[in-house]
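Chains as they are written, first to last, in my numbering: chain E, 1 to 226; chain C, 1 to 315.
Now the structure itself:
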């Protein structure tokens, strides 16, 4: 369950204007939301907030059932962040690591046994179509492969919430459609998914509720169509 | 191609972010200086203990014209030499007092640094008497005056006077060594801090990604701290080992001044290294053995603090 009640966030000084202002919405567990809006509307900022990279300066935010205080303890944030998978626009893969090691990272940070990690990584990379690319360094992957590696890394630890920032940017139409099917499948399995995108055809293809941001404010919230 | 799974790799690549050479070499230099300072401190402490422990109970008495007859009291015949008269007076000191008149060979050895091996029998040397009082006894206040009256020209030197000054000197040296060690520790801390900051700057984005993936502050700080501690230990060990050669040479040169001299240092390099090594005080050996661990701890602690403070910028 994700819930924002009158949440605002400003960057830096108190007197600067809020990047996000008075946002209120809720997404049930297993729900799917498109996050739409023009460039600079605050989509990435909202995803950062939901990923706990920033904390609200006003209002109340509940992530996966836990209300996040503005002075939340760092250890509690780390624990909560373990339950969130994030796909960044720029992938943020570790350049020195292979595909398999990149994907294994969230599990290693949870101190899971190595044999269990390897089984999980094999399975997830097969699922995203990179089963034959385990040992390739991240720097030698195509854009689409990097994107799928980032997605695999975001979902390998079976998070309760997946956030994706323009995940189809580097993908061809067919790959983007396959990715959408993956997100729909994850949502159906009970994972909350929020995907920020500009790609209208994608949104039309997978009709799901949306949140429309403009200048940091939630101006529209709908059931299916843009 | 690389192996698909490389164990516990997390992408921080700290061997590149915190290169071996600079931190290792700088800590080695600090370790070298610290080892020499520790040796100085240990020497000063030993001298201070020696001077404060024994010197207060020692007297040195010089009797000029030692074998000249002492003028008889009351006009009688002169049958006693001046030195015998002094020795007779010293017999009244408390029980347990050791009185020893230096023999001609002992006197010659004492004067050897000034006179060389030339025959000193032609020189009008005074008799030297060493008096060691028992630990609980003190020098009678009237002894000097009594000796001067009875055997005119007798000089009594109470070593405690020198001992006080030398002890003050040794304590000053000890304080200087302590300050020098603090400075070396401070410089090592700053060097580690700078190296850590450089490492954090070069790995900023990767740390942020790891943080976003759920890495705790302890994990990230631990990874950096382990790296700098390893380099610090290696540097500290190298510096200590490098300092061992000059320390042994110093010991060899200081051997004639030690209470149990090894040999006369007619060669710069000692012939019996084992015997020389055995003369190193045990507290100094312990301090030298602990030096690499101290260097590792300084590096580990500094890095932990630096990384944790840096991570506070991230939510």
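We put the beta carbon where it would ideally sit given N, CA and C, even for glycine.
Going by DSSP, residue 113 of chain C is part of the alpha helix (DSSP H) stretching over 104-115. In its chain, beyond the 5 residues on either side, 26 and 62 have a beta carbon closer than 6 angstroms to the beta carbon of residue 3 of chain E. It is roughly 50 angstroms from the alpha-carbon of residue 210 of chain C to the alpha-carbon of residue 173 of chain C. Contact note: residue 94 of chain E reaches chain C through 9, 10, 11, 12, 13, 206, 209 and 210, using a C-beta cutoff of 9 angstroms and chain order. Residue 78 of chain E reaches chain C at 214 and 216, counting residues in chain order whose Cβ is nearer than 7 angstroms.
Close CB contacts of residue 232 of chain C within its chain, under the 6 angstroms cut and outside five residues either way in sequence, are with 27, 295, 296 and 299 (chain order).
Per DSSP, the unbroken alpha helix (DSSP H) holding residue 212 of chain C starts and ends at 204-212. Burial is judged here by how many other beta carbons sit within 10 angstroms of a residue's own beta carbon; residue 253 of chain C has fewer than 16 and is exposed. No Cβ-Cβ contact shorter than 9 angstroms links residue 143 of chain C with residue 37 of chain C.
Looking at the DSSP output, residue 67 of chain E shares a beta bridge with E:62.
In the three-state DSSP reduction, residue 292 of chain C falls in the helix class (H, G or I).
Interface criterion met: the Cβ of residue 101 of chain E is under 9 angstroms from a Cβ in chain C. Distance between residue 66 of chain E and residue 53 of chain E, taken at the CA atoms: about 16 angstroms. Within 10 angstroms of the beta-carbon of residue 124 of chain E lie 16 or more other beta-carbons, which makes it buried. Shown here, residue 246 of chain C sits in a helix according to DSSP, grouped into three states. Secondary structure of residue 43 of chain E (DSSP, three-state): helix.
Where residue 82 of chain C is concerned, the enclosing alpha helix (DSSP H) starts and stops at 82-90. Between residue 22 of chain C and residue 227 of chain C, the C-beta spacing is not below 9 angstroms. Within 9 angstroms of the CB of residue 54 of chain E, the CB atoms of chain C belong to 315, in sequence order along the chain. With a threshold of 9 angstroms between beta carbons, residue 178 of chain E makes no contact with chain C.
The residue among C:113, C:124 and C:282 with its C-alpha nearest the C-alpha of residue 62 of chain C is C:124. In this structure, the alpha-carbon of residue 44 of chain E lies about 34 angstroms from that of residue 114 of chain E.
In terms of Cβ geometry, residue 213 of chain E and residue 35 of chain E form a close pair [threshold 9 angstroms]. Rounded to the nearest whole angstrom, the CA to CA distance from residue 109 of chain E to residue 47 of chain E is 22 angstroms. Beyond the five residues adjoining it in sequence on each side, residue 94 of chain C comes within less than 8 angstroms, by CB distance, of 133, 134 and 137 in the same chain, given in chain order.
Taking 9 angstroms as the cut-off, the Cβ atoms of residue 87 of chain C and residue 101 of chain C count as close.
In terms of beta-carbon proximity, residue 146 of chain E stays away from the interface with chain C, with every pair separated by 9 angstroms or more. DSSP links residue 132 of chain C through a beta bridge to C:58 and C:98. Between residue 150 of chain E and residue 51 of chain E, the C-beta spacing is not below 9 angstroms. With at least 16 other beta carbons inside 10 angstroms of its own, residue 165 of chain E counts as buried. Put simply, the stretch 29-48 of chain C does not touch the stretch 199-210 of chain C. Fewer than three CB pairs are less than 8 angstroms apart. Leaving aside the five residues that flank residue 157 of chain C on each side, the residues in its chain whose CB is nearer than 8 angstroms to its CB run, in chain order, 59, 60, 61 and 62.
The beta carbon of residue 16 of chain E lies closer than 8 angstroms to those of 10 in the same chain, with the five residues before and after it left out. Among the bridge pairs identified by DSSP, residue 36 of chain E is matched with E:212. When the alpha-carbon of residue 84 of chain C is set against those of C:198, C:129, C:305 and C:251, the nearest one is in C:129.
In the displayed model, residue 123 of chain E falls within a helix according to three-state DSSP.
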